[in-house]
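Here is the structure we will look at.
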Ligand SMILES: Nc1ncnc2c1ncn2[C@@H]1O[C@H](COP(=O)(O)OP(=O)(O)OP(=O)(O)O)[C@@H](O)[C@H]1O
Ligand SMILES: [Mg+2]
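Protein chains in written order, with this note's numbering: chain A, 41 to 411; chain B, 34 to 297.
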């Protein structure tokens with residue numbers, strides 16, 4: 041869809057947008073083309089004020105490009121960026137009031153921590169005394185009081201990331217934009233920073249857009265998640281929406297682990313390599329069936345319903361991972377991956393055992409097979 | 034420190050070649066304290082007379098001050114041209130930037146004598162022969178490639194994200210340059226400035242072609258002196274020049290070191 045159809049006078053936007061609090065940030069057919077390929081392809085997105093939105097997608101799907109267009113660092117090819125009723129599409133980055141946190145932190149290496157944080161306020165011509173107070177407040181927020189005179193080079197990765205966060209937040213940005221801010225941190229610190237960023241964002245009520253390719257990060261942190269693929273939005277929804285009600289095979293496979301089988305739809309049932317199962321909606325022709333491993337029960341474990349799907353098979357592999365055991369079960373021509381949580385009293389089922397699998401119809405997701 | 038035989042051999046080799054390269058320079062030092070009328074080694078008597086006699090050569094002193102002013106002007110103008118040029122080439126990266134960079138740094142590869150000849154012809158046509166302007170332009174042409182190279186390299190090491198961060202925080206492009214980019218390339222500027230100064234100050238071939246009886250640089254004046262008389266005067270001047278160069282290098286090293294700790 042060409043964005044030219046979309047153009048409407050800026051003044052008209054103003055009237056529309058301010059009236060709708062649901063559309064604090066509004067991307068309208070936002071497009072970025074590099075040569076012939078579209079890095080971002082007609083993206084429409086509305087973000088509420090104070091919302092924490094995660095953009096999730098595989099490498100190269102256009103997350104960073106979208107974020108950088110919002111920040112004004114990448115010129116758009118087509119479409120509009122409207123914030124709080126103001127069309128920012130052609131406003132230079134230094135007049136946008138966006139707080140951008142980079143994956144590489146991008147701190148000013150020649151300035152102290154305090155000077156880094158003060159920079160944005162200085163640019164706004166704020167009085168020295170006010171700057172000092174705001175910087176102290178921001179550093180307290182990220183728990184870096186006492187580090188004012190250090191240089192970025194003398195800080196750990198986590199501390200540098202917190203300075204970057206303080207530097208972006210201190211200007212009280214319209215929107216906080218975070219581009220994979222945690223990917224350079226080790227696992228433990230990453231978890232800590234997740235909570236910290238989330239808490240700070242809630243406390244300040246800042247609207248935040250968080251780019252990540254880590255689904256855990258997206259699901260645990262965000263109010264809503266946007267799943268992107270090849271420059272387009274696949275689905276937007278709450279973490280639960282995406283996990284339980286994926287609208288496309290891509291989303292089902294990308295968000296969370298899943299069994300993924302090619303099958304043939306025949307009305308209410310689907311044939312998958314020797315196993316016939318019922319599904320939630322009637323389908324026909326080639327389909328993809330997805331069942332989450334931990335939603336499959338092994339030999340009567342879990343609650344059973346009469347209308348559950350069943351399959352009989354043999355365990356061909358057992359993988360113990362502490363909190364869960366993963367079984368590969370051969371049933372017909374199909375190998376099901378089944379995950380059971382462990383229990384101190386429960387014994388592992390050994391390879392070669394014949395078992396019955398059961399799972400509910402609601403957990404049998406079917407999608408039209410990709411052409 | 035390192036006990037591996039290979040590194041001891043390397044150190045030995047390095048010292049030997051260093052000595053070989055430096056030996057002629059070292060000979061100049063005793064020569065400069067010669068009491069003889071002619072340059073001969075070793076001198077048969079010792080004195081400070083050649084140092085004292087520098088004062089009796091006003092042409093030499095004039096040439097020194099002219100060389101100093103020339104190198105100073107060349108350095109300043111060089112940086113004023115090279116910084117924006119390097120910025121445009123590296124940051125704005127217009128189509129053909131790489132080609133342009135090669136063209137601009139070509140004088141580094143060209144035989145100086147060819148360059149000198151070409152400039153002689155151009156300067157003669159333009160009436161710039163044996164003028165300060167002519168020498169200034171000639172020196173600019175040979176020093177600019179160095180400055181451009183060094184500053185481009187320095188610029189390329191400044192992460193673009195850091196500049197972008199400044200922009201999103203409200204800094205206009207000029208402010209980004211002044212507050213972020215410039216401070217981060219200071220070591221490069223100091224190095225480029227020092228190299229421009231020394232290359233201009235030491236330049237012989239071009240200066241020889243471009244100077245005249247009324248206007249010449251110190252190296253050219255020294256060359257003419259050696260041509261006509263073989264007294265140890267030039268040895269005395271050479272020693273002073275070595276000290277002067279050493280002084281500049283130390284100053285640069287200090288300020289570079291300072292800049293480094295300042296940036297870290
Ligand atoms: N300056 C550029 N010139 C040409 N193509 C580009 C440029 N920047 C990005 N692209 C292309 O646009 C697409 C989207 O890139 P983008 O950086 O937005 O991906 P991403 O979703 O952030 O990926 P990642 O998770 O790896 O960071 C990629 O295919 C990339 O190759
Ligand atoms: Mg990216």
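A virtual CB, placed ideally from N, CA and C, is assigned to each residue, including glycine.
Among the residues of the region 143-154 of chain A, those with a Cβ less than 9 Å away from any Cβ of chain B are 143, 144, 145, 146, 147, 148, 149, 150, 151, in the order of the chain. Under the DSSP assignment, residue 308(A) falls in the beta strand (DSSP E) whose first and last residues are 299-312. Of all C-beta pairs linking the region 131-138 of chain B to the region 168-175 of chain B, fewer than three are shorter than 8 Å, placing the two stretches out of contact. Near ligand 2, meaning a beta-carbon closer than 7 Å to one of its heavy atoms, we find 103(A), 104(A), 219(A), 220(A), 251(A). Look at residue 361(A): its C-beta is not under 8 Å from any C-beta on chain B. For residue 187(A), the closest Cβ of chain B is not nearer than 8 Å. Under the DSSP definition of a beta bridge, residue 325(A) partners with 305(A). Rounded to whole angstroms, the separation of the alpha carbons of residue 224(B) and residue 183(B) is 7 Å. Boundaries of the alpha helix (DSSP H) harbouring residue 120(B): 91-120, taken from the DSSP string. In this structure, ligand 1 has no non-hydrogen atom nearer than 7 Å to the beta-carbon of residue 350(A). If you ignore the 5 residues before and after residue 189(A), its C-beta comes within less than 8 Å of the C-beta of 152, 153, 154, all in its own chain and listed in chain order.
Excluding residues up to 5 positions away in sequence, 96, 237, 240, 241, 244 lie with their Cβ nearer than 8 Å to the Cβ of residue 253(B) in the same chain.
Check the Cα spacing between residue 273(B) and each of 69(B), 83(B), 168(B): the tightest is with 83(B). The beta carbons of residue 226(B) and residue 46(B) sit no closer together than 8 Å. Taking one beta carbon from each stretch, the region 267-287 of chain A and the region 305-324 of chain A have fewer than 3 pairs nearer than 8 Å; the two do not touch.
Residue pairing by DSSP puts residue 367(A) in a beta bridge opposite 358(A), 378(A). Closer than 7 Å to some heavy atom of ligand 1: that does not describe the Cβ of residue 392(A). Under the 8 Å criterion on CB atoms, residue 202(B) is classed as interfacial with respect to chain A. Between residue 123(B) and residue 189(B), the alpha-carbon positions lie close to 7 Å from each other. In the assembly as shown, residue 110(A) is a buried residue. Its beta-carbon has 16 or more other beta-carbons within 10 Å.
Annotated as distal: residue 204(A) and residue 251(A), with beta-carbon spacing of 8 Å or more. Annotated as proximal: residue 264(A) and residue 276(A), with beta-carbon spacing under 8 Å.
Apart from the 5 residues on each side of it in sequence, residue 210(A) sits with its Cβ closer than 7 Å to the Cβ of 157, 160, 161, 174, 175, 178 in its chain, given in chain order.
Taking C-beta atoms as the reference points, residue 407(A) and residue 288(A) count as a pair closer than 8 Å.
Residue 216(B) sits close to residue 150(A), with the two beta carbons spaced by under 8 Å.
Contact between the region 379-391 of chain A and the region 349-357 of chain A is established, with three or more Cβ pairs separated by less than 8 Å. At a cut-off of 8 Å between beta-carbon atoms, residue 123(B) makes no contact with chain A. Excluding sequence positions up to five before and after residue 191(B), its CB lies within less than 7 Å of the CB of 214, 217, 218, all in the same chain and listed in chain order.
Residue 160(B) carries a coil assignment under DSSP once its states are collapsed to helix, strand and coil.
Straight across, the Cα-Cα distance linking residue 53(B) with residue 267(B) is about 22 Å. The beta-carbon of residue 159(A) is placed less than 8 Å from the nearest beta-carbon of chain B. With its beta carbon less than 8 Å from one in chain A, residue 205(B) belongs to the interface. Around the CB of residue 68(B), fewer than 16 other CB atoms lie within 10 Å, so the residue is classed as exposed. For residue 237(A), no chain B residue has a C-beta closer than 7 Å to its own C-beta; the minimum C-beta separation is roughly 17 Å. Counting along the chain, residue 191(B) sits inside no alpha helix (DSSP H), nor does DSSP assign it H or E at all. Rounded to the nearest whole angstrom, the C-alpha separation of residue 141(B) and residue 181(B) is 11 Å.
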